[in-house]
Amino acid sequence: MLDVVSIAKRARDENFPVASLAFPRELRPHIRALYAYARLVDILGDELEGGPEARLAALDELERELDASYRREATWPVLVELQPAILEFNLPREPFLRLIEANRMDQRISEYETWDDVKRYCVHSADPCGRLVLGVLRRGDDHENVALSDNVCTGLQLVNFLQDVPRDLVLGRVYLPVEDRRRFGVTDLDGPNEPLRQLLEFEAGRARSLLASGEPLGRRLGGRTGRAVTAFARGGLAAVDALERARFDVFSGRPKPSRARLARTAIGALVP
148 MLDVVSIAKR ARDENFPVAS LAFPRELRPH IRALYAYARL VDILGDELEG GPEARLAALD
208 ELERELDASY RREATWPVLV ELQPAILEFN LPREPFLRLI EANRMDQRIS EYETWDDVKR
268 YCVHSADPCG RLVLGVLRRG DDHENVALSD NVCTGLQLVN FLQDVPRDLV LGRVYLPVED
328 RRRFGVTDLD GPNEPLRQLL EFEAGRARSL LASGEPLGRR LGGRTGRAVT AFARGGLAAV
388 DALERARFDV FSGRPKPSRA RLARTAIGAL VP
(Lines of atoms letter the chains of each structure in order from A and count residues from 1; the text may use other names and numbers.)
(Lines give C-alpha, C1' and ligand atoms only; values in the text may rest on other atoms or scores of the structure.)
Protein backbone atom coordinates (compact mmCIF):
# COMPACT_ATOMS: atom_id res chain seq x y z
CA MET A 1 0.00 0.00 0.00
CA LEU A 2 1.30 3.47 -0.85
CA ASP A 3 2.48 5.64 2.04
CA VAL A 4 0.99 8.71 0.42
CA VAL A 5 1.58 10.95 3.43
CA SER A 6 5.36 10.49 3.48
CA ILE A 7 5.57 10.65 -0.31
CA ALA A 8 3.51 13.83 -0.29
CA LYS A 9 5.79 15.39 2.33
CA ARG A 10 8.80 14.71 0.12
CA ALA A 11 7.02 16.18 -2.89
CA ARG A 12 6.23 19.37 -0.95
CA ASP A 13 9.72 19.68 0.51
CA GLU A 14 11.47 19.33 -2.85
CA ASN A 15 9.76 22.16 -4.71
CA PHE A 16 11.75 24.08 -7.29
CA PRO A 17 13.28 26.78 -5.02
CA VAL A 18 12.80 29.77 -7.29
CA ALA A 19 9.04 29.18 -7.30
CA SER A 20 8.69 30.41 -3.72
CA LEU A 21 10.69 33.57 -4.39
CA ALA A 22 9.99 34.83 -7.87
CA PHE A 23 6.21 34.87 -8.21
CA PRO A 24 3.78 37.35 -6.64
CA ARG A 25 3.00 36.40 -3.05
CA GLU A 26 -0.65 35.56 -3.72
CA LEU A 27 0.30 33.07 -6.44
CA ARG A 28 3.09 31.28 -4.59
CA PRO A 29 0.89 28.65 -2.85
CA HIS A 30 -0.61 27.69 -6.21
CA ILE A 31 2.80 27.53 -7.95
CA ARG A 32 4.20 25.44 -5.11
CA ALA A 33 1.19 23.10 -5.36
CA LEU A 34 1.81 22.61 -9.09
CA TYR A 35 5.44 21.71 -8.54
CA ALA A 36 4.62 19.46 -5.61
CA TYR A 37 2.29 17.55 -7.93
CA ALA A 38 4.97 17.29 -10.62
CA ARG A 39 7.46 16.06 -8.01
CA LEU A 40 4.95 13.52 -6.70
CA VAL A 41 4.50 12.07 -10.19
CA ASP A 42 8.27 11.75 -10.59
CA ILE A 43 8.68 10.05 -7.21
CA LEU A 44 6.04 7.48 -8.14
CA GLY A 45 7.59 6.93 -11.58
CA ASP A 46 11.26 6.88 -10.56
CA GLU A 47 11.68 5.90 -6.94
CA LEU A 48 8.80 3.70 -5.84
CA GLU A 49 9.97 0.21 -4.94
CA GLY A 50 8.58 -2.81 -6.74
CA GLY A 51 9.67 -2.06 -10.29
CA PRO A 52 7.62 -0.99 -13.32
CA GLU A 53 4.51 -2.96 -12.37
CA ALA A 54 4.23 -1.30 -8.96
CA ARG A 55 4.98 2.11 -10.41
CA LEU A 56 2.37 1.78 -13.14
CA ALA A 57 -0.20 0.74 -10.52
CA ALA A 58 0.70 3.77 -8.39
CA LEU A 59 0.40 6.09 -11.39
CA ASP A 60 -3.04 4.62 -12.13
CA GLU A 61 -4.01 5.33 -8.52
CA LEU A 62 -2.73 8.88 -8.87
CA GLU A 63 -4.85 9.38 -11.99
CA ARG A 64 -7.92 8.31 -10.03
CA GLU A 65 -6.99 10.76 -7.29
CA LEU A 66 -6.57 13.50 -9.89
CA ASP A 67 -10.07 12.77 -11.16
CA ALA A 68 -11.31 13.06 -7.57
CA SER A 69 -9.68 16.47 -7.21
CA TYR A 70 -11.85 17.79 -10.04
CA ARG A 71 -14.87 16.64 -8.02
CA ARG A 72 -13.43 18.30 -4.87
CA GLU A 73 -12.99 14.84 -3.35
CA ALA A 74 -9.19 14.45 -3.26
CA THR A 75 -7.70 12.65 -0.25
CA TRP A 76 -3.96 12.63 -1.01
CA PRO A 77 -2.30 15.65 0.65
CA VAL A 78 -0.66 16.98 -2.52
CA LEU A 79 -3.93 16.77 -4.45
CA VAL A 80 -5.85 18.38 -1.58
CA GLU A 81 -3.42 21.32 -1.75
CA LEU A 82 -3.74 21.42 -5.54
CA GLN A 83 -7.55 21.58 -5.58
CA PRO A 84 -7.78 25.35 -4.93
CA ALA A 85 -5.59 26.12 -7.98
CA ILE A 86 -7.58 23.73 -10.18
CA LEU A 87 -10.84 25.36 -9.15
CA GLU A 88 -9.79 29.02 -8.99
CA PHE A 89 -7.99 29.04 -12.34
CA ASN A 90 -10.09 26.40 -14.10
CA LEU A 91 -6.93 24.42 -14.94
CA PRO A 92 -7.42 21.76 -17.62
CA ARG A 93 -6.94 18.10 -16.77
CA GLU A 94 -4.76 17.28 -19.79
CA PRO A 95 -1.43 18.75 -18.59
CA PHE A 96 -1.71 16.88 -15.29
CA LEU A 97 -2.43 13.67 -17.21
CA ARG A 98 0.52 14.22 -19.54
CA LEU A 99 2.87 14.30 -16.56
CA ILE A 100 1.50 10.95 -15.45
CA GLU A 101 1.83 9.58 -18.99
CA ALA A 102 5.49 10.66 -19.16
CA ASN A 103 6.22 8.48 -16.16
CA ARG A 104 4.31 5.61 -17.73
CA MET A 105 6.51 6.02 -20.80
CA ASP A 106 9.54 5.75 -18.51
CA GLN A 107 8.41 2.29 -17.46
CA ARG A 108 8.19 1.11 -21.09
CA ILE A 109 10.85 3.01 -23.07
CA SER A 110 14.58 2.85 -22.33
CA GLU A 111 15.94 5.09 -25.12
CA TYR A 112 14.88 7.36 -27.97
CA GLU A 113 16.04 7.15 -31.56
CA THR A 114 15.87 10.81 -32.59
CA TRP A 115 15.77 14.30 -31.13
CA ASP A 116 12.17 14.57 -32.33
CA ASP A 117 11.38 11.49 -30.24
CA VAL A 118 12.94 13.11 -27.18
CA LYS A 119 10.96 16.29 -27.81
CA ARG A 120 7.75 14.25 -27.97
CA TYR A 121 8.63 12.82 -24.57
CA CYS A 122 9.16 16.38 -23.29
CA VAL A 123 5.65 17.28 -24.50
CA HIS A 124 4.53 15.00 -21.68
CA SER A 125 7.31 15.33 -19.12
CA ALA A 126 8.14 19.05 -19.20
CA ASP A 127 5.87 21.28 -21.26
CA PRO A 128 2.77 20.70 -19.09
CA CYS A 129 4.51 22.40 -16.15
CA GLY A 130 4.85 25.66 -18.06
CA ARG A 131 1.32 25.45 -19.42
CA LEU A 132 -0.07 25.02 -15.91
CA VAL A 133 1.96 27.98 -14.66
CA LEU A 134 0.58 30.07 -17.53
CA GLY A 135 -2.87 28.93 -16.44
CA VAL A 136 -2.27 30.24 -12.93
CA LEU A 137 -1.04 33.49 -14.47
CA ARG A 138 -4.24 33.54 -16.57
CA ARG A 139 -2.09 33.81 -19.69
CA GLY A 140 -2.50 30.30 -21.08
CA ASP A 141 -4.82 31.24 -23.95
CA ASP A 142 -2.08 33.02 -25.92
CA HIS A 143 -0.61 30.54 -28.42
CA GLU A 144 2.70 32.42 -28.70
CA ASN A 145 3.12 32.38 -24.92
CA VAL A 146 2.46 28.65 -24.90
CA ALA A 147 4.99 27.98 -27.68
CA LEU A 148 7.70 29.97 -25.91
CA SER A 149 6.89 28.30 -22.60
CA ASP A 150 7.19 24.87 -24.22
CA ASN A 151 10.67 25.82 -25.47
CA VAL A 152 11.79 26.90 -22.00
CA CYS A 153 10.40 23.78 -20.35
CA THR A 154 11.97 21.47 -22.94
CA GLY A 155 15.27 23.32 -22.44
CA LEU A 156 15.08 22.83 -18.67
CA GLN A 157 14.29 19.15 -19.16
CA LEU A 158 17.24 18.73 -21.51
CA VAL A 159 19.56 20.30 -18.94
CA ASN A 160 18.33 17.75 -16.40
CA PHE A 161 19.01 14.94 -18.88
CA LEU A 162 22.60 16.16 -19.25
CA GLN A 163 23.15 16.50 -15.50
CA ASP A 164 21.59 13.11 -14.75
CA VAL A 165 23.20 10.75 -17.26
CA PRO A 166 24.61 8.46 -14.51
CA ARG A 167 21.35 8.45 -12.53
CA ASP A 168 19.29 7.68 -15.62
CA LEU A 169 21.62 4.81 -16.53
CA VAL A 170 20.96 3.26 -13.12
CA LEU A 171 17.24 3.53 -13.88
CA GLY A 172 17.83 1.84 -17.25
CA ARG A 173 17.11 4.97 -19.31
CA VAL A 174 19.04 7.03 -21.85
CA TYR A 175 17.62 10.34 -23.03
CA LEU A 176 20.52 11.17 -25.36
CA PRO A 177 19.16 10.37 -28.85
CA VAL A 178 20.61 7.32 -30.59
CA GLU A 179 21.13 9.36 -33.79
CA ASP A 180 23.27 11.90 -31.90
CA ARG A 181 25.28 9.19 -30.16
CA ARG A 182 26.08 7.73 -33.57
CA ARG A 183 27.02 11.15 -34.92
CA PHE A 184 29.61 11.68 -32.19
CA GLY A 185 30.76 8.06 -32.05
CA VAL A 186 29.57 7.53 -28.47
CA THR A 187 29.75 3.87 -27.57
CA ASP A 188 30.44 4.19 -23.83
CA LEU A 189 28.04 5.95 -21.43
CA ASP A 190 29.50 4.51 -18.24
CA GLY A 191 32.18 7.13 -17.65
CA PRO A 192 33.76 10.32 -18.97
CA ASN A 193 35.25 10.12 -22.45
CA GLU A 194 35.86 12.58 -25.27
CA PRO A 195 33.05 11.49 -27.64
CA LEU A 196 30.56 11.72 -24.78
CA ARG A 197 31.90 15.13 -23.75
CA GLN A 198 31.40 16.39 -27.30
CA LEU A 199 27.88 14.99 -27.40
CA LEU A 200 26.94 16.62 -24.09
CA GLU A 201 28.39 19.92 -25.30
CA PHE A 202 26.26 19.67 -28.44
CA GLU A 203 23.10 18.93 -26.46
CA ALA A 204 23.93 21.80 -24.10
CA GLY A 205 23.93 24.13 -27.10
CA ARG A 206 20.42 22.91 -27.90
CA ALA A 207 19.33 23.57 -24.35
CA ARG A 208 20.84 27.05 -24.35
CA SER A 209 18.96 27.98 -27.54
CA LEU A 210 15.66 26.73 -26.13
CA LEU A 211 16.17 28.53 -22.81
CA ALA A 212 16.89 31.79 -24.62
CA SER A 213 13.15 31.84 -25.39
CA GLY A 214 12.65 32.75 -21.74
CA GLU A 215 13.67 36.35 -22.36
CA PRO A 216 10.96 37.18 -24.96
CA LEU A 217 8.39 35.21 -22.97
CA GLY A 218 9.23 37.24 -19.89
CA ARG A 219 8.84 40.46 -21.84
CA ARG A 220 5.50 39.32 -23.26
CA LEU A 221 4.16 38.51 -19.81
CA GLY A 222 5.57 41.70 -18.32
CA GLY A 223 5.79 42.84 -14.73
CA ARG A 224 6.80 40.65 -11.83
CA THR A 225 5.30 37.51 -13.38
CA GLY A 226 7.35 38.04 -16.53
CA ARG A 227 10.49 38.50 -14.49
CA ALA A 228 9.65 35.35 -12.52
CA VAL A 229 9.45 33.31 -15.73
CA THR A 230 12.75 34.84 -16.86
CA ALA A 231 14.25 33.66 -13.56
CA PHE A 232 13.33 30.06 -14.41
CA ALA A 233 15.03 30.27 -17.79
CA ARG A 234 18.12 31.95 -16.36
CA GLY A 235 18.35 29.24 -13.72
CA GLY A 236 18.55 26.72 -16.55
CA LEU A 237 21.23 28.78 -18.28
CA ALA A 238 23.20 28.88 -15.03
CA ALA A 239 23.03 25.07 -14.96
CA VAL A 240 24.40 24.96 -18.53
CA ASP A 241 27.25 27.22 -17.39
CA ALA A 242 27.96 24.79 -14.54
CA LEU A 243 28.13 21.89 -16.99
CA GLU A 244 30.58 23.84 -19.13
CA ARG A 245 32.77 24.68 -16.12
CA ALA A 246 32.88 20.95 -15.29
CA ARG A 247 33.80 20.21 -18.93
CA PHE A 248 30.68 18.04 -19.04
CA ASP A 249 32.07 15.52 -16.56
CA VAL A 250 28.77 14.36 -15.07
CA PHE A 251 30.31 11.32 -13.38
CA SER A 252 32.49 13.03 -10.77
CA GLY A 253 29.43 14.81 -9.38
CA ARG A 254 26.25 16.43 -10.64
CA PRO A 255 27.31 19.80 -12.12
CA LYS A 256 24.93 22.49 -10.94
CA PRO A 257 25.08 26.16 -10.00
CA SER A 258 25.58 26.98 -6.35
CA ARG A 259 22.70 28.27 -4.24
CA ALA A 260 24.38 31.65 -4.21
CA ARG A 261 24.58 31.65 -8.01
CA LEU A 262 20.90 30.71 -8.27
CA ALA A 263 19.97 33.44 -5.81
CA ARG A 264 21.92 36.03 -7.81
CA THR A 265 20.28 34.77 -10.99
CA ALA A 266 16.80 35.05 -9.50
CA ILE A 267 17.47 38.51 -8.05
CA GLY A 268 18.91 39.68 -11.35
CA ALA A 269 15.78 38.56 -13.15
CA LEU A 270 13.43 40.11 -10.61
CA VAL A 271 15.04 43.54 -10.52
CA PRO A 272 13.80 45.59 -13.50
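Yeah, the sequence shown ends on 419 if you go by the working numbering, and it's all consecutive.
All C-beta atoms, glycine included, are put in the ideal place defined by N, C-alpha and C.
Going by DSSP, name the residue or residues bridged to residue i.
i      : result
Val321 : Glu258
Over what stretch of residues does the alpha helix (DSSP H) that includes residue i continue unbroken?
i      : result
Arg285 : That residue, Arg285, is in no alpha helix (DSSP H); it is neither H nor E in DSSP.
Glu377 : The sequence shown places Thr at residue 377, rather than the Glu named in the question. It spans 370 to 392 - the alpha helix (DSSP H) in which Thr377 sits, taken as one unbroken run.
Asp337 : That residue, Asp337, is in no alpha helix (DSSP H); it is neither H nor E in DSSP.
Ser216 : 198 to 217
Leu181 : 175 to 193
Phe236 : 224 to 236
Using 8 Å for Cβ pairs, my map puts residue i next to residue j. What's the rounded Cβ distance?
i      : j      : result
Phe398 : Pro342 : Contact doesn't hold; Cβ gap of about 14 Å is too wide.
Ala249 : Ser216 : Contact doesn't hold; Cβ gap of about 19 Å is too wide.
Arg374 : Gly365 : 6 Å
Gln254 : Arg202 : 6 Å
Leu318 : Pro363 : That belief does not hold up - the Cβ atoms of Leu318 and Pro363 are roughly 35 Å apart, past 8 Å.
Leu346 : Phe331 : 4 Å
Ala380 : Gly361 : 2 Å
Asn292 : Arg245 : About 18 Å; that fails the 8 Å criterion.
Leu206 : Arg251 : 6 Å
Ile283 : Leu187 : Checking the sequence, you will find Val at residue 283 rather than Ile. That pair is no contact at about 18 Å.
Measuring only the C-alpha atoms, how far is residue i from residue j?
i      : j      : result
Pro404 : Ile256 : 30 Å
Arg401 : Thr377 : 24 Å
Thr334 : Phe243 : 36 Å
Leu213 : Pro176 : 18 Å
Arg328 : Glu348 : 12 Å
Asn237 : Gly287 : 11 Å
Is the region 292 to 308 close to the region 379 to 396, with three or more CB pairs under 8 Å?
-> yes
Examine the Cβ distances between the region 190 to 198 and the region 389 to 401 and report whether three or more of them are shorter than 8 Å.
-> no
Any chance the region 258 to 269 sits against the region 316 to 335, with 3 or more Cβ pairs inside 8 Å?
-> yes
Is the region 346 to 361 touching the region 277 to 291, taking contact as three or more C-beta pairs under 8 Å?
-> no
Could you say if the region 171 to 182 and the region 226 to 238 meet the contact criterion of at least three C-beta pairs nearer than 8 Å?
-> yes
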